[in-house]
Amino acid sequence: SGKWHIRVIFELTKVETIRFGQLKSRIGSITNTMLANTLKDLEQNGIVQRVQFNEIPPHVEYSLTPAGKELYPIFYEMALWGSKQSDAC
Numbered sequence: 062s063g064k065w066h067i068r069v070i071f072e073l074t075k076v077e078t079i080r081f082g083q084l085k086s087r088i089g090s091i092t093n094t095m096l097a098n099t100l101k102d103l104e105q106n107g108i109v110q111r112v113q114f115n116e117i118p119p120h121v122e123y124s125l126t127p128a129g130k131e132l133y134p135i136f137y138e139m140a141l142w143g144s145k146q147s148d149a150c
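According to the numbering used here, numbering within the sequence shown proceeds without interruption in unit steps and concludes at 150.
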């Protein structure tokens, strides 16, 4: 559930790993707080993996877990459906 969950998962299917700021740029209209909460929810549900790098400068990368990657076929089928609908118009 959650307004942004599907969009965040969709953006994560396009990349192997991504940083918070990059993800926010791809989504655009989401606030930092909402993105952080959405990522936390998805992490707690085993869909997203968060890896923190304690380097200079420190950074965090997000990626889909194996369970999250199982959603690829669903997004593929949705894209096919959307393509068929746009061709029909």
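Beta carbons: idealized from backbone N, C-alpha and C, even for Gly.
Asked                                                                                 : Found
Pair within 9 Å by beta-carbon distance, T92 and H66                                  : no
Backbone secondary structure at I79 - three-state DSSP                                : strand
Unbroken beta strand (DSSP E) run spanning S141, endpoints                            : For clarity, residue 141 is Leu in the given sequence; the question names Ser instead. From DSSP, L141 is part of no beta strand (DSSP E) but of the alpha helix (DSSP H) over 133-149.
Beta-carbon proximity check, G129 vs V109, cutoff 9 Å                                 : yes
Three-state secondary structure (DSSP) of S86                                         : helix
Length-filtered (3 minimum) beta strand (DSSP E) runs lying within the stretch 91-125 : 109-114, 120-125
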